[in-house]
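Visitor: As given, the protein sequences belong to chains H and X, one line each in that order. Sequential numbering from 1 applies to the first sequence in our numbering. Sequential numbering from 1 applies to the second sequence in our numbering. Just so it is clear, CB atoms sit at the ideal spot from N, CA and C, and this is done for glycine as well. Starting off with a structure, shown below.
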Amino acid sequence: MSPLRWLLVLVLLGGAGILAWLMLPLRAAVDIPPGMSSEEPGMAERGAYLVRAAGCVSCHWDRKGRGKPFAGGRQLITPFGVFVAPNISGDTRSGIGAWSDEEFVRALIHGQGVHGEELYPVFPYTTYTRMTVEDALAIKAYLVSLAPVPAGNEGHDLSFPFSWRALLKGWKLLYFSGEPLPYDPNRSSTWNRGRYLVDALGHCGECHTPRGDFGQMDEKRYLQGNPHGPDGWKIPALVGPRSQLAEWSVEEIEEYLNSGAKPDFDSAQGPMAEVIEDSSKHLTEEDQNAIALYLKSLNRR
Amino acid sequence: MKYWLAGAAVAVFAGAAWTVMAATPQETVDQRIAGMKGLGGNLQAAAKAVTPAEVQAKLGAAIAFAETIPTLFPKGTGIGDKGVTKTRALQEIWAKPAEFKAASDALVNALKAANAAAGDKAKLDAAFGEVRKSCGGCHTPFRGPEIE
């Protein structure tokens, strides 16, 4: 064969290889320590609080359409198309009732569905990946402890090529690194807790960090504000030159997380009002304090 | 004397109307934004003030501004109106004028109650809570998303 033909064969083989890699489900290995299970006593109670902290219900609930909490159905309008949040209630057919612990952890921490398919990062596994496996299992325990809600999962309505799910494998290769949050021994346990609440459970960065062309968070500008947030809202900076938090006291941040009241008597609206209503106001005073301290530590000038 | 007073009143009102009319829609919006920022500053200062006199001074300024709020929203200065490039004022303001007026009256009343409570820490804190509620009571239905 001539060298040109060899080249052609190589290109074809390479293309077929990439295609096969994109199409084949490659399940990530899930590491659940022996003896740890969502069925352990007390897990559901722990999970109830963690579900608050992780703000699951805000997306997995079609409030306007009078759906049931956790049954999904809320439409999330993005530049890539319309995503419809799935049912995460304990229903065995349409929800997560039949999922194994391993499958649940794989979804939350590795961004893969039960069939090994890659999940769209509109589901913030990009942040939840920093969560501990134990917390993930507690969340599952709580969700399946609730009354199951049968609700059909509507498909997403995405524009091409984003509708081609297989491409997510490439996206994840570029933009997803699943690493747990390390404990910083040089900081207080409160600071570490605050960081875990902000950077793992609360997934604050998913809205407060600007995004690049392919929807990836711009890690270099972490929490520096996002001009194109959900529902067209401009999301303010929590860090950096445009952040107002340097002027807020720890107590003022706590008050805001608790009631939405700002120091200037304005109040939270839009997506943040939802976060406060569904999530932050239900946190303990200790956790609100930890978040405030952590955010203040990022605003030292 | 009566005629003179009436004449003066007419002149003042006409002057006020003229300043609103003369401004371009975006200028009206900008004045409004500046006024609201000033209101926020006065309220923040009132909440941090120590003596009753300080509290009342800041609240007095806040009340004076709050009473003018309905006049700051002439028709044609909302989202999507001609010549308006930056505002969060929803068209609901003009679709539901009675509700809008009631929401702004609620603020004035809450501020007056706070003013009367100056000197009594517990009462004042409760009154500030009502002031906060009244801010949200107007912003939630009548203010749109912050966009860039």
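Compare the C-beta of residue 131 (chain X) with all C-beta atoms of chain H and state if any pair is closer than 9 Å.
Guide: yes
Visitor: Beta strand (DSSP E) containing residue 128 (chain X): first to last residue?
Guide: Residue 128 (chain X) -> not in any beta strand (DSSP E); alpha helix (DSSP H) instead, spanning 121-142.
Visitor: Of the residues H:111, H:51, H:195 and H:62, which one's Cα is nearest the Cα of residue 185 (chain H)?
Guide: Nearest option by C-alpha distance: H:195.
Visitor: Verify the CB distance criterion: does residue 259 (chain H) have a CB-CB separation below 9 Å to chain X?
Guide: Using beta-carbon distances, residue 259 (chain H) counts as an interface residue toward chain X, with a partner under 9 Å.
Visitor: Bridge partners of residue 61 (chain H), per DSSP?
Guide: The partner list for residue 61 (chain H) (beta bridge, DSSP) reads H:72.
Visitor: Got a sec? Which residues, its chain only, sit under 7 Å from residue 234 (chain H) by beta carbon, not counting five neighbours each side?
Guide: 227
Visitor: Where does residue 55 (chain H) sit, in a helix, a strand or coil, going by DSSP?
Guide: coil
Visitor: Do you know how far the Cα of residue 148 (chain H) is from the Cα of residue 105 (chain H)?
Guide: 20 Å
Visitor: What ranges does the alpha helix (DSSP H) occupy inside the segment 83-117 of chain H, keeping only unbroken runs of at least 4 residues that lie completely in it?
Guide: 101-110
Visitor: Pull the bridge partners of residue 217 (chain H) from the DSSP assignment, please.
Guide: H:211
Visitor: For residue 121 (chain H), is the classification buried or exposed, using 16 other Cβ atoms within 10 angstroms of its Cβ as the cut-off for buried?
Guide: buried
Visitor: Could you check how far apart the C-beta atoms of residue 296 (chain H) and residue 257 (chain H) are, in whole angstroms? I think they sit under 8 Å.
Guide: With 8 Å as the limit, residue 296 (chain H) and residue 257 (chain H) do not qualify as a contact, their Cβ atoms being about 13 Å apart.
Visitor: On a Cα-Cα basis, can you pick out the residue from H:99, H:100, H:114 and H:125 that is closest to residue 108 (chain H)?
Guide: Nearest to residue 108 (chain H) by alpha-carbon distance, out of H:99, H:100, H:114 and H:125, is H:125.
Visitor: Residue 281 (chain H) CB to nearest chain X CB: under 9 Å?
Guide: no
Visitor: Considering only residues of the same chain and omitting the five flanking positions on each side of residue 152 (chain X), which have a CB-CB separation below 8 Å?
Guide: The requested residue 152 (chain X) does not occur in the structure, where chain X is confined to residues 1 to 148.
Visitor: Classify residue 320 (chain H) as buried or exposed, calling it buried when 16 or more other Cβ atoms lie within 10 Å of its own Cβ.
Guide: Within the shown structure, residues of chain H are numbered from 1 to 301, placing residue 320 (chain H) beyond reach of any answer.
Visitor: Could you tell me which uninterrupted alpha helix (DSSP H) segments, each at least 4 residues in length, are contained entirely in the segment 34-76 of chain X, listed from first to last along the chain?
Guide: At a cut-off of 4 residues, the continuous stretches assigned as alpha helix (DSSP H) that sit fully inside the segment 34-76 of chain X are 52-66.
Visitor: How big is the Cα-Cα spacing for residue 122 (chain X) and residue 224 (chain H)?
Guide: Their backbone Cα atoms lie some 38 Å apart in a straight line.
Visitor: For residue 158 (chain H), does the three-state DSSP call read helix, strand or coil?
Guide: strand
Visitor: Between which residues of its own chain and residue 303 (chain H) is the CB-CB distance below 7 Å, once the five residues before and five after are set aside?
Guide: Residue 303 (chain H) lies beyond the range of chain H shown here (1 to 301); nothing can be said about it.
Visitor: Rank X:92, X:145, X:119 and X:126 by C-alpha distance to the C-alpha of residue 53 (chain X) and give the top, closest one.
Guide: X:119
Visitor: Which stretch, first to last residue, makes up the alpha helix (DSSP H) that contains residue 248 (chain H)?
Guide: First-last for residue 248 (chain H): undefined, no H or E at that position.
Visitor: With a cut-off of 8 Å, do at least 3 Cβ pairs link the segment 260-275 of chain H to the segment 32-42 of chain H?
Guide: no
Visitor: Tell me, please, which residues DSSP counts as bridged to residue 267 (chain H).
Guide: H:261
Visitor: Straight-line CA distance for residue 43 (chain X) to residue 67 (chain X)?
Guide: 15 Å
Visitor: Counting contacts by CB-CB distance shorter than 9 Å, is residue 112 (chain H) in contact with chain X?
Guide: no
Visitor: Express the C-alpha separation of residue 83 (chain H) and residue 156 (chain H) in angstroms, rounding to a whole number.
Guide: Across the structure, residue 156 (chain H) and residue 83 (chain H) are spaced so that their CA atoms are roughly 5 Å apart.
Visitor: Can you confirm whether residue 265 (chain H), when its beta carbon is compared against all beta carbons of chain X, has any partner nearer than 9 Å?
Guide: yes
Visitor: Given a threshold of 16 other Cβ atoms within 10 Å of its Cβ, counted over all protein chains shown, does residue 292 (chain H) qualify as buried or as exposed?
Guide: buried
Visitor: Hey, how far is the Cα of residue 30 (chain H) from the Cα of residue 250 (chain H)?
Guide: 38 Å
Visitor: Residue 87 (chain X) by DSSP, collapsed to three states: which one?
Guide: If DSSP states are grouped into helix, strand and coil, residue 87 (chain X) belongs with coil.
Visitor: Assign residue 78 (chain H) to one of three DSSP states: helix, strand, or coil.
Guide: strand
Visitor: Within 9 Å of any Cβ in chain H, is that where the Cβ of residue 47 (chain X) sits?
Guide: yes
Visitor: Mapping DSSP to helix, strand and coil, what is residue 291 (chain H)?
Guide: helix
Visitor: Would you mind stating whether residue 203 (chain H) and residue 54 (chain H) have Cβ atoms separated by less than 9 Å?
Guide: yes
Visitor: What do you get for residue 62 (chain H), buried or exposed, if any count of 16 or more other CB atoms within 10 angstroms of its CB means buried?
Guide: Its Cβ being crowded by 16 or more others within 10 Å, residue 62 (chain H) is buried.
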